[in-house]
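Data block below; observations after.
2 protein chains.
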Amino acid sequence: MELTERKMKIMQAVVRNYLETGEPVGSRTISKYTDLNLSSATIRNEMADLEEMGYIVQPHTSAGRIPTDMGYRLYVDTMMESKMREVEEIKENLLEKEERLDQLLKQTAKLLATNTNYATMVSAPSIHRNKLKLIQLSKVNKKQLLVVVVVEGNVIKNSILDVDNELNEETVLKLNILLNTHLNGLTIEEINLAMITAIKQQAGVHSDIVAEVIDAIASAIHEEEDLEIYTSGATNIFKYPELVQNDKASELIGTFEEKEKLNELVIKTLAEEENTGIQVYIGNESPVETMRDCSIVTATYDLGEGMKGTIGIIGPKRMDYDKVVDNLKGVMHQLDSIYKKE
Amino acid sequence: MELTERKMKIMQAVVRNYLETGEPVGSRTISKYTDLNLSSATIRNEMADLEEMGYIVQPHTSAGRIPTDMGYRLYVDTMMESKMREVEEIKENLLEKEERLDQLLKQTAKLLATNTNYATMVSAPSIHRNKLKLIQLSKVNKKQLLVVVVVEGNVIKNSILDVDNELNEETVLKLNILLNTHLNGLTIEEINLAMITAIKQQAGVHSDIVAEVIDAIASAIHEEEDLEIYTSGATNIFKYPELVQNDKASELIGTFEEKEKLNELVIKTLAEEENTGIQVYIGNESPVETMRDCSIVTATYDLGEGMKGTIGIIGPKRMDYDKVVDNLKGVMHQLDSIYKKE
DNA sequence: TGTTAGCACTCGACGTTTTTGAGTGCTAAC
DNA sequence: GTTAGCACTCAAAAACGTCGAGTGCTAACA
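Laid out in structure tokens, this is it:
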């Protein structure tokens, strides 16, 4: 069967209406709603076709139709209309420039949650590929060394290192200079064994500690990496009854509480580079097990220097895709302009 | 009316039974349940008395009784029996010593949530009163200075400072030594204006930057202080239907998501020092608005050096108080032994 | 041939009534 | 003071009826 122009229009009307009301939509409603003047009977025939084609279903025999996942997909791919109204508004609302990236991202999550009324998550960019800006060793006491690492984007990581042999201030200073001259401007991935050996050689007596420090730097960078996800508005889930039924809400909230699972979403999104950078997962397409009843809209932001991260908006399948996409675009634009200025 | 021995026993039986089943408990149940061999009719008379005294109520005329807040209070104050069984077990389960305090506390929250099946929170200790162990200024680039502060307990705070006039390495080094010699071993609260003036004087040309740095130290210490609360097991709330009714779950989860409100609990608990260190808030006694339908059991931990914080367990009013208190005691004991060893 | 009016049919939502059973309070006897 | 017995209450569950939104199908119409 062919998907005629008219069927498309009807389909669009069905989705639009269902997004608004959340109620199954019947033929009479469409008959009045659309500009194509057709009686409800005609609409009924067309809807029967659309059902056969798999775009809509009836929850029960005598009810209106609701879109299937496939129906939503059709809508998202071919019928969405970005209005791009709120972009300007967002420009003003959004956060003054934060010195610290993590603060900025937290606020981003919050802003999106408030604007869209859905749950949001923002992953901190992976910083494997970020250049080291500063390494700072400091003696805390006789047996402990503080390792602070600052990378591009002013992300600060630190860890405390137990050392066996006491180091004097002078040695620490020397190590500092040694490490910085060799490693500054490099990324973690660029540090190879040859380099470490070279540094060790120059460190002389203290070669043993160099390896430990570099280890500490690496693990500080990796530390909690998969947990660096900021979420907001998880309770918005309660606004959508279809997500509260059974124990769905519990599972969803749990996913937001333990952020590990959200990481799959980040990984998947970063892997699937698209041109626009915005992706929509509907229902079962979701990479996250517990979100099979939701739709997820994600965007990849890129702050340059390989600092890429993911923003995700999670809501019911009948989410306002247009609005969400607009909001995401707005925020992306913001992040861009904040970071490109630097 | 007097609260006879027998009434006490019946009361205890009512509470115990209700904690287990969550159903209103009738006279017949008690008659069989307890060792005092009485017929249901007698129990009924006594229960009528207990109701008059305000310890129990009937949800409706022809139902069994459930404890009132006052009834729970009576139970908690005079009838609880610590079993202290699991303490040993916990000793093994609990976390290997973490170098970083925050990690330890996170794990504590998680452990308690898993063991009790309630929601938990752990506040990081207020570190106003902690001694500064190390201050470290480092030049990130021409215009930015990294300030790292380590305080007792190996809590690391940092912030980035914008400076107007470029400082050379030597100056930074001098400032480092200057600040450390003056401020090391002090707490934030002990730093007064006279001291700052003295340091400024010695700093000579760079006196202007000293004030900024000390400000940064202070604000790094305070930074997000009220947000330094770790929570776990918020979704356990869904296990108790009485907390899911209406929008209660949403509000509760919201409270856990935005941790600001939990801070009231911390403040209140730290203020109300009791001998045992364990406090129970039942229903309306709760300091947190949204938890009026819950009971909260809190404990104050003390790691020495003024590092005090709060652990809280939040569950339904019919929570297993005995078990919760035991668990808390166990964890407190653990924290103690971990930290006193140092 | 495509569109539409008309009609019988379906079935969930909702309100009312009935039934059931756990639990009570009271009374009278032990 | 305790207990058996009984009438009574009332929430919860089940059963029933009604309503109406929406459908599919048919026959007539343009």
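Top line first, the protein sequences correspond to chains A and B.
For the first sequence, this note's numbering assigns the number 1 to the initial residue and increments by one for each residue that follows.
For the second sequence, this note's numbering assigns the number 1001 to the initial residue and increments by one for each residue that follows.
Note that the Cβ used here is the ideal one computed from N, Cα and C, for glycine as well.
Nothing here was measured: the structure is a model prediction, and the numbers come from that model.
For N1117 of chain B, the CB contacts under 6 angstroms within the same chain, skipping 5 residues up- and downstream, are N1236 in chain order. In this structure, G1071 of chain B sits away from G1026 of chain B, with a CB-CB distance that is not shorter than 8 angstroms.
At a beta-carbon threshold of 7 angstroms, none of the residues of chain A lie near K1009 of chain B; the nearest stands roughly 38 angstroms away.
In the three-state DSSP reduction, K1143 of chain B falls in the coil class, being neither helix nor strand. The C-alpha of T269 of chain A lies about 8 angstroms from the C-alpha of Q279 of chain A.
Taken residue by residue, none of the region 1177-1207 of chain B has a beta-carbon sitting less than 8 angstroms from a beta-carbon on chain A. Taken through DSSP and simplified to helix, strand or coil, L1112 of chain B comes out as helix.
For A234 of chain A, the residues of chain B that pass the 8 angstroms Cβ criterion are I1253, E1257, in the order they occur in the chain. With 16 or more other CB atoms across the displayed protein chains lying within 10 angstroms of its CB, P316 of chain A is buried. At least 8 angstroms separates the beta-carbon of K9 of chain A from that of L50 of chain A. Near chain A, meaning a CB-to-CB distance below 7 angstroms, the residues of the region 1151-1169 of chain B are N1154, I1156, N1158, I1160. Contact annotation for V148 of chain A against chain B: Q1136, S1138, L1146, V1148, I1156, N1158 [CB-CB distance below 9 angstroms, chain order]. Judged by their CB atoms, M53 of chain A and Q12 of chain A are not nearer to each other than the 8 angstroms cut-off.
The beta carbon of I1056 of chain B lies closer than 8 angstroms to those of M1011, V1014, M1047, L1050, R1065, I1066, P1067, T1068, G1071 in the same chain, with the five residues before and after it left out. Not a single C-beta of chain B is nearer than 8 angstroms to the C-beta of D293 of chain A. Restricting attention to B:F1238, B:T1029, B:V1213, B:V1151, the CA atom closest to the CA of I1127 of chain B is found in B:V1151. From the beta-carbon of S1123 of chain B, no residue of chain A is found nearer than 8 angstroms; the closest lies around 18 angstroms away. No Cβ of chain B is located within less than 8 angstroms of the beta carbon of K106 of chain A. Selection B:N1154, B:K1139, B:G1153 evaluated against V149 of chain A yields B:K1139 as nearest (Cα-Cα). Taking 3 residues as the shortest admissible run, the region 45-69 of chain A contains no complete beta strand (DSSP E) segment at all.
Among the residues of chain B, those whose CB is under 8 angstroms from the CB of K133 of chain A are V1140, N1141, following chain order. The shortest C-alpha to C-alpha distance from E1081 of chain B to any of B:D1336, B:D1320, B:D1162, B:H1060 is the one to B:D1320.
Contact check for T298 of chain A against I311 of chain A passes: the beta carbons are separated by less than 8 angstroms. Collapsing the DSSP output to three states places K1174 of chain B in a helix. Between the C-alpha atoms of F256 of chain A and T1255 of chain B there is a straight-line separation of about 14 angstroms. The CB of S1250 of chain B comes closer than 8 angstroms to the CB of T235, F238 in chain A, given here in chain order.
Burial is judged here by how many other beta carbons sit within 10 angstroms of a residue's own beta carbon; S31 of chain A has at least 16 and is buried. The three-state secondary structure of M1011 of chain B, taken from DSSP, is helix. Contact between I221 of chain A and L183 of chain A does not hold, since the beta-carbon distance rounds to 12 angstroms and is not under 8 angstroms.
Note on A271 of chain A: under 16 other CB atoms within 10 angstroms of its CB, so exposed under the neighbour-count rule.
For S1027 of chain B, the uninterrupted alpha helix (DSSP H) segment begins and ends at 1027-1033.
In the DSSP assignment, N1158 of chain B is bridged to B:V1148. Contact annotation: R129 of chain A and E189 of chain A have beta-carbon atoms nearer than 8 angstroms. Close partners of D247 of chain A in chain B (Cβ separation under 9 angstroms): F1238. In the displayed model, T1021 of chain B falls within a helix according to three-state DSSP. The Cβ-Cβ distance between T1120 of chain B and I1296 of chain B does not fall below 8 angstroms.
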